[in-house]
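Here the protein sequences come in this chain order: F and G. Sequential numbering from 33 applies to the first sequence in this note's numbering. Sequential numbering from 450 applies to the second sequence in this note's numbering.
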Amino acid sequence: MSRMAGAAGRCLREDPRRILAMGGGGFTMNDRSGVLDRLVLELTGRGVPRVCFLPTASGDQREQLMRFHERFSLWPCETSILSLFHLQRDRLDPREFLLSQDAIYVGGGSMRNMLAIWREHRIDAVMREAWEAGVVLAGLSAGAMCWFEGGISLSGGRPEAVKGLGFLPGSLSVHRDSEPQRWPAYQRAIADGQLPDGYAADDGTALVFAGRHLVECVASAPSQRIVRVELEAGSPVQRPLPLRVLNRAEAPASVGRLAPAPIDAERVAVEELRSVRVLRQRWE
Amino acid sequence: MRRPPQIVAFGGGGFSMGSESTLLDDYVIGLTGVPRPRVCFLPTASGDADHYVVRFYRAFAAGRCEPSHISLFRRETGVADPRAHLLAQDLIYVGGGSVVSLLGTWRAHGLDTALREAWQTGVVLCGGSAGSLCWFSEAVSGFHCGAPRKVTGLGLLPWSNAVHYGDEPARRAAFQGAIATGMAPGYGVSDGAALRFVGVELAEVVGSGRDSGAFFVSGDGHGGATERELPIRKLDQCLFPAHGADAGEEAVAA
Chain F
33 MSRMAGAAGR
43 CLREDPRRIL
53 AMGGGGFTMN
63 DRSGVLDRLV
73 LELTGRGVPR
83 VCFLPTASGD
93 QREQLMRFHE
103 RFSLWPCETS
113 ILSLFHLQRD
123 RLDPREFLLS
133 QDAIYVGGGS
143 MRNMLAIWRE
153 HRIDAVMREA
163 WEAGVVLAGL
173 SAGAMCWFEG
183 GISLSGGRPE
193 AVKGLGFLPG
203 SLSVHRDSEP
213 QRWPAYQRAI
223 ADGQLPDGYA
233 ADDGTALVFA
243 GRHLVECVAS
253 APSQRIVRVE
263 LEAGSPVQRP
273 LPLRVLNRAE
283 APASVGRLAP
293 APIDAERVAV
303 EELRSVRVLR
313 QRWE
Chain G
450 MRRPPQIVAF
460 GGGGFSMGSE
470 STLLDDYVIG
480 LTGVPRPRVC
490 FLPTASGDAD
500 HYVVRFYRAF
510 AAGRCEPSHI
520 SLFRRETGVA
530 DPRAHLLAQD
540 LIYVGGGSVV
550 SLLGTWRAHG
560 LDTALREAWQ
570 TGVVLCGGSA
580 GSLCWFSEAV
590 SGFHCGAPRK
600 VTGLGLLPWS
610 NAVHYGDEPA
620 RRAAFQGAIA
630 TGMAPGYGVS
640 DGAALRFVGV
650 ELAEVVGSGR
660 DSGAFFVSGD
670 GHGGATEREL
680 PIRKLDQCLF
690 PAHGADAGEE
700 AVAA
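See the structure below:
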């Protein structure tokens with residue numbers, strides 16, 4: 033963890049805001065390696081974190097919901113899904129529900145639809161509140177680009193620049209390796225000034241932010257890349273960023289260690305209660 | 450074929466409610482006045498749920514119409530130009546789900562203006578639940594948590610609307626309450642019944658015979674609301690309505 037020492041380490045300790053932006057991979061993409069998904073839980077620094085999946089961008093595709101439960105049943109956590117198409121059935125106040133989570137995992141799909149629907153339900157404001165309260169915001173593809181000022185989305189059929197929420201500075205383009213048609217559109221958008229400088233990330237990689245600072249880049253395999261893309265003398269120039277390859281065998285809570293949650297008796301009691309509940313749910 | 454602007458707002462029913470009777474679906478197909486109408490399904494309010502799209506294709510089989518659907522969550526596949534596709538239809542069928550999510554998504558793709566154009570050029574618009582509420586200026590939508598929410602629709606019809614009206618007492622009370630406190634007067638419709646508007650005026654109310662009615666609700670001038678029950682024409686299994694276009698033009702003239 034020496035890599036995280038110094039300025040980055042200070043950021044992690046002092047700023048409670050966490051965003052994990054994945055270029056692709058994770059359970060929705062049928063990624064066999066669960067390291068990025070596990071990192072979502074680790075970043076919460078909790079023993080039994082509450083993690084909520086928000087599948088708005090795919091229109092709450094059923095297969096994604098099933099895969100979410102399947103993947104997160106591997107680790108101690110309390111899972112839930114927030115559907116913005118079935119608020120009536122579920123009788124949920126989305127704000128209250130999201131703010132009670134330790135991590136919010138946003139799925140991929142149509143970025144344009146997701147942000148339009150979030151706006152209608154005022155989820156964009158709730159996300160900012162959650163971020164500032166230290167709820168880990170994580171996601172892939174549309175669910176990763178949304179936190180930046182903009183990204184390259186296929187929401188309209190062809191790759192095009194779409195505005196994001198702007199919690200994080202710069203822009204992001206995803207699926208750098210698996211969907212090469214995004215790359216020329218991204219370069220063009222940066223050259224035209226439609227998008228600010230940013231990052232292009234492969235499937236299986238992720239950027240970890242504390243506040244608005246990039247703390248590190250992680251990957252599930254050594255061959256994967258994240259590149260920084262900057263406009264220099266009118267044309268976009270790319271430079272690969274150093275990556276930490278996540279260890280499959282690594283014990284959970286490795287990153288959480290850097291951001292220890294303050295210990296108080298009440299929280300410990302609540303966590304114990306939750307772990308008992310999780311175990312019971314598993315056996316019933 | 451020239452048709453007046455028409456909207457059929459179901460209180461609930463049709464294939465999307467899984468009802469065994471297809472009376473309402475047959476009725477809207479009849480309104481197009483063409484033997485094999487082009488029918489496009491918009492499942493946006495459900496998030497383009499696959500099972501819903503499959504049920505549409507089953508109910509609107511290729512034998513009696515030319516069915517298609519537009520997925521706004523997978524624009525990279527399917528219909529390339531949604532506006533052009535919508536304008537080429539005889540009937541647009543909007544599925545149920547979340548009306549708030551529906552309107553946000555439509556606006557993000559410019560479907561709000563495309564649907565207005567389609568309506569003005571005589572494409573019959575219909576739908577139930579969210580697919581009904583969306584056409585009106587205001588509506589009382591589901592009960593997310595606590596109070597029901599007032600929703601601003603596309604406003605093609607200058608009225609308010611409530612669906613599943615006689616079927617869910619809380620909805621009925623909320624609708625009356627909203628109208629008493631300033632929402633536009635409008636129509637409460639129960640499952641199995643449907644309102645047909647020609648232009649912005651109600652032309653008729655049709656029903657399966659097993660519905661719990663349709664009502665016009667307006668403010669009573671004393672801070673309350675009054676309900677007027679509307680006569681319902683019972684649909685017959687094999688009887689199509691008087692030809693959509695003719696009846697429509699009459700109503701517009703009147």
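C-beta: ideal position from N, C-alpha, C; glycine also. A quick note: this is a predicted structure, and the numbers were derived from the prediction, not measured.
Quick test of your reading: residue i and residue j, contact by CB under 8 Å. State the CB separation rounded to the nearest angstrom.
i, j, result
"G:HIS518", "G:VAL543", "Rounded, the Cβ-Cβ distance is 11 Å, inconsistent with contact."
"G:ARG556", "F:ALA148", "6 Å"
"G:THR481", "G:LEU540", "5 Å"
"G:VAL548", "G:CYS583", "6 Å"
"G:ASN610", "G:GLY580", "Actually they do not touch by this definition, with Cβ atoms about 11 Å apart."
"F:GLY175", "F:GLY140", "6 Å"
Give a yes or no on whether 9 Å exceeds the smallest Cβ distance from residue i to chain G.
i, result
"F:ARG190", "yes"
"F:ARG144", "yes"
"F:ARG151", "yes"
"F:PHE117", "yes"
"F:GLN133", "no"
"F:LEU197", "no"
"F:SER187", "yes"
"F:ALA148", "yes"
"F:GLY183", "no"
"F:GLY320", "As displayed, chain F neither begins before 33 nor continues past 316, which places residue 320 of chain F out of reach and without an answer."
"F:VAL287", "With a pLDDT of 45 at F:VAL287, under the threshold of 50, the modelled position of this residue cannot be trusted, and the question is left open."
"F:GLN120", "yes"
Three-state secondary structure (DSSP) at residue i?
i, result
"F:MET54", "strand"
"G:THR526", "coil"
"G:TYR614", "coil"
"F:TRP215", "helix"
"F:ILE258", "strand"
"G:SER726", "Because chain G is modelled from 450 through 703, residue 726 of chain G falls outside the range shown and cannot be assessed."
"F:ARG94", "helix"
"G:ASP685", "strand"
"F:VAL287", "Unreliable placement is indicated for F:VAL287, whose pLDDT of 45 sits below 50; the coordinate value is still reported in the next sentence. Reduced to three states, the DSSP call for F:VAL287 is coil."
"G:SER609", "strand"
"F:LEU239", "strand"
"G:LEU536", "helix"
"F:SER210", "coil"
"G:VAL548", "helix"
"F:ALA126", "Per the sequence presented here, residue 126 of chain F reads as Pro, with Ala not at that position. Note: F:PRO126 maps to helix in three-state DSSP."
"G:GLY626", "helix"
"G:SER581", "helix"
"F:PHE104", "helix"
"G:ARG677", "strand"
"F:PRO48", "coil"
"F:PHE59", "helix"
In chain order, what residues of the same chain have a beta carbon less than 8 Å from the beta carbon of residue i, not counting five sequence neighbours either side?
i, result
"G:ARG513", "ILE478, ARG485"
"F:PHE129", "CYS84, SER112, LEU114"
"G:ALA629", "GLY668, ASP669, GLY672, GLY673, ALA674"
Who are the near neighbours of residue i in its chain, counting only those whose CB is closer than 7 Å to its CB and skipping five residues on each side?
i, result
"G:GLY463", "LEU473, ASP474, GLY577"
"F:ARG103", "PHE59, GLY66, ASP69"
"G:LYS683", "GLY656, GLY658"
"F:LEU52", "LEU71, VAL72, LEU75, VAL168, ALA170, ALA238, VAL240"
"F:SER210", "GLY56, ASP235"
"G:GLN569", "PRO454"
Can you check whether the C-beta of residue i is within less than 9 Å of a C-beta belonging to chain F?
i, result
"G:THR554", "yes"
"G:SER517", "no"
"G:LEU521", "yes"
"G:ARG532", "no"
"G:GLU525", "yes"
"G:HIS558", "yes"
"G:ASP685", "no"
"G:SER446", "For chain G, the structure presents residues 450 to 703; residue 446 of chain G sits outside this window and is missing."
"G:GLY546", "yes"
Within the same chain, show all residues whose beta-carbon is closer than 6 Å to that of residue i, passing over the 5 residues directly before and after it, in chain order.
i, result
"G:ALA563", "ARG532, LEU535"
"G:VAL649", "LEU606, PRO607"
"F:THR88", "LEU116, MET146, ILE149"
"G:ALA615", "Contrary to the premise, residue 615 of chain G reads as Gly rather than Ala in this sequence. Excluding sequence neighbours, G:GLY615 sits near SER639, SER661, GLY662."
The region 109 to 123 of chain F / the region 520 to 532 of chain G touching (three or more Cβ pairs under 8 Å): no
The region 483 to 493 of chain G contacting the region 660 to 678 of chain G, beta-carbon criterion three pairs below 8 Å: no
Residues of the region 77 to 94 of chain F with Cβ closer than 9 Å to any Cβ of chain B, in chain order: The structure shown contains no chain B; its protein chains are F and G.
Inter-stretch contact (C-beta, 8 Å, three-pair minimum) for the region 61 to 72 of chain F and the region 491 to 505 of chain G: no
The region 173 to 185 of chain F in contact with the region 200 to 215 of chain F per 3-pair CB rule at 8 Å: yes
Validate contact between the region 165 to 182 of chain F and the region 221 to 228 of chain F using beta carbons, cut 8 Å, 3 pairs: yes
Sufficient close CB pairs (3 or more, under 8 Å) joining the region 243 to 259 of chain F to the region 210 to 224 of chain F: no
At least three beta-carbon pairs within less than 8 Å, the region 45 to 54 of chain F to the region 253 to 261 of chain F: no
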